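Some notes on the structure that comes next.
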Amino acid sequence: MKLSIGKAWDETKAIVARDGNALVTIALALLVLPGTIMETVAPSSVQRTEPGLVITLLNLAALLFSLAGQIAISRIALGPSTVGEALGTAFRRMPALFGALIVLVIPFVLLASLLVMATGASNDVTKLPPAASLGISVLMLAFLYFLIRLLFLTPLAADGRTPFRRMLPEAWALSRGRWARLFGLILLLALVGLIVLFGLAGALSAVILLVAGPIEPMNLSAVLVALVQQTLGAIVSMFFAVLVARLYVQARDGDRHVSVPDAGHQ
Numbered sequence: 012m013k014l015s016i017g018k019a020w021d022e023t024k025a026i027v028a029r030d031g032n033a034l035v036t037i038a039l040a041l042l043v044l045p046g047t048i049m050e051t052v053a054p055s056s057v058q059r060t061e062p063g064l065v066i067t068l069l070n071l072a073a074l075l076f077s078l079a080g081q082i083a084i085s086r087i088a089l090g091p092s093t094v095g096e097a098l099g100t101a102f103r104r105m106p107a108l109f110g111a112l113i114v115l116v117i118p119f120v121l122l123a124s125l126l127v128m129a130t131g132a133s134n135d136v137t138k139l140p141p142a143a144s145l146g147i148s149v150l151m152l153a154f155l156y157f158l159i160r161l162l163f164l165t166p167l168a169a170d171g172r173t174p175f176r177r178m179l180p181e182a183w184a185l186s187r188g189r190w191a192r193l194f195g196l197i198l199l200l201a202l203v204g205l206i207v208l209f210g211l212a213g214a215l216s217a218v219i220l221l222v223a224g225p226i227e228p229m230n231l232s233a234v235l236v237a238l239v240q241q242t243l244g245a246i247v248s249m250f251f252a253v254l255v256a257r258l259y260v261q262a263r264d265g266d267r268h269v270s271v272p273d274a275g276h277q
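The sequence shown: position 244 = 255 (the working numbering), numbered continuously.
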């Protein structure tokens with residue numbers, strides 16, 4: 012079955028309009044708040060030495076909360092589900108999604124490390140020899156291909172029907188013959204995300220810096236800039252997660268008629 016992005020977008024708008032309160036509650040709790048705390052404690056715009064254990068653990072916690080948030084939003088999009096049910100599913104299935112992503116990432120990290128060692132390159136990515144640069148570029152393109160082929164991992168986790176060992180193969184099968192369409196969607200959403208995050212967020216951040224001064228860990232500028240960036244990023248992520256969930260339903264159910272589910276209200 013050919014995926015209809017137009018149909019999925021119409022369903023996305025209907026779900027956001029109907030279940031916006033539930034989606035915003037999840038986004039604020041699991042996307043905005045952890046990200047804001049992380050960026051306030053250790054702003055990414057502030058140059059620093061190698062991160063310590065506390066910063067590393069905070070980054071990991073923010074990542075895990077973000078994955079849980081994506082699952083919970085997807086669960087609402089798949090419906091029917093209340094916020095409580097969606098959060099329960101999210102934290103129950105988040106380890107499986109995290110594990111699947113680790114399985115995806117590790118081979119590429121190992122290959123990149125072996126390539127760098129084999130070419131005698133230093134740890135400075137700006138000084139890689141041509142052979143290493145070419146190899147890293149090929150690995151990045153291959154990783155992008157795999158990432159798009161496994162785009163349905165998050166709604167698959169939210170659906171709750173697939174055990175961990177079957178998640179990667181099933182996500183791969185669901186995207187078979189649909190890579191080009193999914194790639195086009197990713198490019199479009201990446202463009203929108205760049206406009207929102209680097210355009211609007213950049214302009215608002217500039218105003219904050221002008222009024223409150225430069226960013227330093229734990230100061231007012233860090234809090235306000237982090238809040239703006241994380242909120243706008245969460246909005247983009249929310250729409251993306253719902254849209255991908257609706258495309259997943261199309262891929263899962265094939266040619267059968269798929270109606271927008273009646274998710275629970277809070």
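Where a beta carbon is used, it is the ideal one built from N, C-alpha and C, also for glycine.
Treat the numbers as computed from the prediction; the structure is a model and nothing was measured.
Counting only runs of at least 4 residues, the segment 44–73 fully encloses the following alpha helix (DSSP H) elements, listed from N- to C-terminal order: 44–52. Residue 216 sits in a helix when the DSSP states are folded into three classes.
With distances taken between CA atoms, residue 184 lies nearest to 159 out of 34, 124, 159. Contact between the segment 207–216 and the segment 186–197 is absent: fewer than 3 CB-CB pairs across the two stretches fall below 8 angstroms. Note on geometry: alpha-carbon atoms of residue 220 and residue 237 lie some 12 angstroms from one another. Taking a contact to require three or more Cβ pairs closer than 8 angstroms, the segment 36–55 and the segment 79–92 qualify as touching.
Assigned with DSSP and collapsed to three states, residue 189 falls in coil, not helix or strand. Judged by pairs of C-beta atoms under 8 angstroms, the segment 146–162 touches the segment 171–183, as three or more such pairs exist. Residue nearest to residue 97 within the set 121, 35, 232 is 35 (criterion: CA-CA distance).
Rounded to the nearest angstrom, the gap between the Cα atoms of residue 142 and residue 154 is 18 angstroms.
Spatial neighbours of residue 243 in its own chain (CB-CB distance under 7 angstroms, excluding positions within 5 residues in sequence) are listed in chain order as 207, 208, 211, 212. At a Cβ-Cβ threshold of 9 angstroms, residue 108 and residue 78 count as neighbours.
Look at residue 194 here: in three-state DSSP terms it is helix.
In the structure shown, residue 232 falls within a helical segment according to DSSP collapsed to helix, strand and coil.
The closest CA to that of residue 21, considering only 37, 69, 253, is found on 253. With respect to the 9 angstroms criterion, residue 47 and residue 234 are classified as neighbours on the basis of their beta carbons. Non-local C-beta neighbours of residue 186 in its own chain, meaning closer than 8 angstroms and more than five positions away in sequence, comprise 159, 160, 161, 162, 163, 193, 262, ordered along the chain. Taking the CA atoms as reference points, residue 222 sits about 45 angstroms from residue 167.
Inclusion of residue 119 and residue 150 in the CB contact set at 9 angstroms is warranted, their separation being smaller than that value.
As the crow flies, the alpha-carbon of residue 80 is around 6 angstroms from that of residue 37.
Restricting attention to 189, 125, 104, 178, the CA atom closest to the CA of residue 156 is found in 189. In the three-state reduction of the DSSP assignment, residue 163 falls in the coil class.
When the five nearest sequence neighbours on each side are left out, the beta carbons in the same chain lying within less than 7 angstroms of the beta carbon of residue 200 are those of 251, in order along the chain. Distance between residue 94 and residue 33, taken at the CA atoms: about 6 angstroms. Contact annotation, residue 53 with residue 169: C-beta distance approximately 30 angstroms; criterion of less than 8 angstroms not satisfied. Within the same chain, 51, 52, 53, 54, 57 come within 8 angstroms of residue 228 by CB-CB distance, once the 5 residues on both sides are set aside. Ranking 128, 29, 110 by CA distance to the CA of residue 92 puts 29 first.
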